[in-house]
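A short write-up of the structure that comes next.
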């Protein structure tokens, strides 16, 4: 059994197609505003105005697919007043919606946007690493949906040995806050967290 | 496979992430670190995000000047001994029209391509400096790109359809071919010049290695085949009662009924404002569809028809190496009926014989296609192998399916194909399925002529000029020359020489979007939530109008209006805005404004050339929307006509 279940994400080949986001919603029958996986685009650069020429300066963009980080230091579990959020022995962080009173503290505490409020039900929900699929020996829905094979998962130490130990780039927060169980391969233009020169380019109403 | 031999990929208007089946982007990753990818595009698209080593921003509708200037560079800087950039051997043996010495019979030698480029013909040398004013690429980069393509051994020159989906762009494909011919990147290993590098072709070009057989259904001759209205004239034809049948040949037409047998013509053809008016003018509109699409929304009667999942079976592919057998997964839902059943029911009532409408049952058709499915053997080079049956079919299989047929032997069993649903031809490097187009032609053009009047690539093509003239809208030259496109870049100026912008100062293009496949799936809330149908503007243009990221704007063209939230983005060039193609129209009848961002409300229907739809030639103005706020479209009520009881 894994000591800490983790996701791996390859930002260098993610195309921003959002198949992972939609596959997760579909598989878990989520309401349209509840997104256990979310895809962001971050970019920068500038244009020099000119009467004729198109002068682009270092235009770049990359996509990031983010779910629950099943953090080693799960702040969501810490702040939950009803102990609805627990961390399992394999590191998966589980949210039991039946114990949730909808106070939304976990939503405030999580720097990744993982806990998602289901307005109709009045409770919080989040990624559970597709527990039922894994129990059958199958992959999480997002991993199978990715057309570019950007997503992988497994024990955190094994993923680190295979892919390195990068766990944050812009627009993700510093890893030192919650120690996310995440390994990243950066996009070639990836900006270091806290020192980026770009911005989130999703439409505000989408985020 | 051949991709692995290419060192430089020049991708002109290519975005396979959004518009190519078969996942060519994933395949292209095999070249990462080895081959260079240059993307020439008005937008830093998502495919560039993953693959591009360099992005050359260019204005839409200005591709011809840029390539003419590249030809100028090649001609003026080429030296066969000290600086060979031009493949004179290929030009001389395999093309006509490049210079006065190689013109086709009957052509005036003065009308050659080289003299036009050098300015000998019209006094205007097509220099990089000249082109730069129009296309926005620096003269220096135009020059160095031409030299790069001319001096690199193994180059792929690939253009996608967007570059030709522009009014009066008929000479563009011919010019792109000319560039490939000049630099010799045709018909030899490690190079290619692509005529349309899109959809399933952009994985791997060449003859199909596996095919379904014939269904056994004879084709039905169209009794009205002689009377054809172009997509860009059909709405006007209905409204005005006139259409262009050919050169100086305008005829009367009286259309009283529209029948949509399928498709999405009202949504996806230019000039939707006129299209809706046309649907209201005729006496009767019938539409067959699975959802309340735009065709059906404006119909009097909607007949719900089945999807492929509700039918016995069908065949498709994603690239030339695979055959997919799609099989029925459910009985028809609700009252949906098969299109052929609909045709038989209507036909019978019109006195037609239903057995002529459906001479072969669908199940038998599928069987015929299985029995006739064939796969290429690895027994002749350059994908020239002979075919053998794909499937072994036993008498038990035939009896089980309840069809007519004879047992046969093939490569795999019917059972295996049914279970897997897909067959993929095994490949290995160096196999006989690697393919070089025009290889035999290049080696011996006399023995292997092309299907052109001269048997060669026609840089001077009388056939092309004649074809365009015969359509009746405009004329062009037999060699690729430049004239500003209708509603192109120059049309954004009221005074081009003095560079004064006009009433519609921005160019608009309407490219594919991740939410949809053209117009399919636009009505799904989860996809709307993921892809908000945002309108894209460059920061320079947005700031000039006091528009911020997330604001709602009104977009106006000569043909219609629409409202959208804005994504202010550096990814799009200044002077250009993007309205993603395919959003289902949602007219506010009172205001006469579309709320959904339907591209063809903004795009006008103007036929040119060979009847091309100019979806990427449009000029617009944009201003902040100050009217009633609009909710994001994923919150709109779904277009479901029948509510639950």
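Chains as they are written, first to last, in this note's numbering: chain A, -9 to 197; chain B, 145 to 789.
All residues carry an ideal CB built from backbone N, CA and C; glycine is no exception.
Check, Outcome
"Start-end ranges of the alpha helix (DSSP H) lying completely within the segment 183 to 249 of chain B, minimum 4 residues", "190 to 195, 207 to 221 and 232 to 238"
"Cross-strand partners of residue 457 of chain B (DSSP beta bridge)", "B:471"
"Cutoff 7 Å; reference residue 649 of chain B; Cβ partners in own chain excluding five residues on either side", "636 and 765"
"Own chain partners of residue 554 of chain B with C-beta closer than 6 Å, once the 5 adjacent residues on each side are dropped", "533, 534, 535 and 536"
"Nearest-angstrom Cα separation, counted from residue 321 of chain B out to residue 211 of chain B", "11 Å"
"Whole-angstrom distance between residue 190 of chain A and residue 106 of chain A, CA atom to CA atom", "20 Å"
"Assigned exposure category for residue 670 of chain B - 16 Cβ within 10 Å defines buried", "buried"
"Three CB pairs or more closer than 8 Å across the segment 347 to 363 of chain B and the segment 389 to 397 of chain B", "no"
"Under 7 Å (Cβ pairs) to chain A, residues found in the segment 704 to 728 of chain B", "709, 711, 713, 714, 715, 717 and 718"
"Nearest-angstrom Cα separation, counted from residue 218 of chain B out to residue 284 of chain B", "13 Å"
"Cα-Cα separation, residue 548 of chain B to residue 576 of chain B", "36 Å"
"Unbroken beta strand (DSSP E) run spanning residue 746 of chain B, endpoints", "Per DSSP, residue 746 of chain B belongs to no beta strand (DSSP E); it is in the alpha helix (DSSP H), 743 to 746."
"Spatial distance of residue 120 of chain A from residue 287 of chain B (CA atoms)", "54 Å"
"Exposed unless 16 or more other CB atoms sit within 10 angstroms - verdict on residue 685 of chain B", "buried"
"Three or more C-beta pairs below 8 Å linking the segment 91 to 99 of chain A and the segment 54 to 73 of chain A", "yes"
"Within-9 Å CB hit, residue 791 of chain B to chain A", "No statement about residue 791 of chain B is possible, as the shown extent of chain B runs from 145 to 789 and does not include it."
"Limits of the unbroken alpha helix (DSSP H) element including residue 541 of chain B", "539 to 545"
"Residue-chain proximity (residue 585 of chain B, chain E), Cβ-Cβ < 9 Å", "The chain inventory of the structure shown lacks chain E, comprising the protein chains A and B."
"Sufficient close CB pairs (3 or more, under 8 Å) joining the segment 155 to 163 of chain A to the segment 737 to 752 of chain B", "no"
"Cβ neighbour criterion (16 or more within 10 Å) applied to residue 523 of chain B", "exposed"
"Any C-beta of chain A under 9 Å from that of residue 570 of chain B", "no"
"Nearest candidate by alpha-carbon position, reference residue 372 of chain B, set B:350, B:399 and B:349", "B:399"
"3-residue-minimum beta strand (DSSP E) runs that sit fully inside the segment 116 to 192 of chain A, ordered along the chain", "141 to 145 and 172 to 175"
"Against chain A: residues of the segment 426 to 438 of chain B by CB proximity under 8 Å", "none"
"Closer than 9 Å to chain B by CB, residue 42 of chain A", "yes"
"Endpoints, alpha helix (DSSP H) assigned at residue 562 of chain B", "558 to 564"
"Beta carbon proximity, residue 8 of chain A to chain B, threshold 9 Å", "yes"
"Cβ of residue 56 of chain A within 9 Å of any chain B Cβ", "no"
"Residue-level contact to chain A via CB, residue 174 of chain B, 9 Å cutoff", "no"
"Nearest candidate by alpha-carbon position, reference residue 137 of chain A, set B:387, B:450 and B:169", "B:169"
"DSSP-derived helix/strand/coil call for residue 178 of chain B", "coil"
"Span of the beta strand (DSSP E) around residue 706 of chain B", "705 to 712"
"Chain B residues whose Cβ lies nearer than 7 Å to that of residue 15 of chain A", "670"
"Identified DSSP bridge partners for residue 699 of chain B", "B:706 and B:766"
"Close Cβ partners of residue 466 of chain B (< 8 Å) along its chain, the five nearest in sequence each way excluded", "354, 566, 567, 568 and 569"
"Spatial distance of residue 114 of chain A from residue 778 of chain B (CA atoms)", "21 Å"
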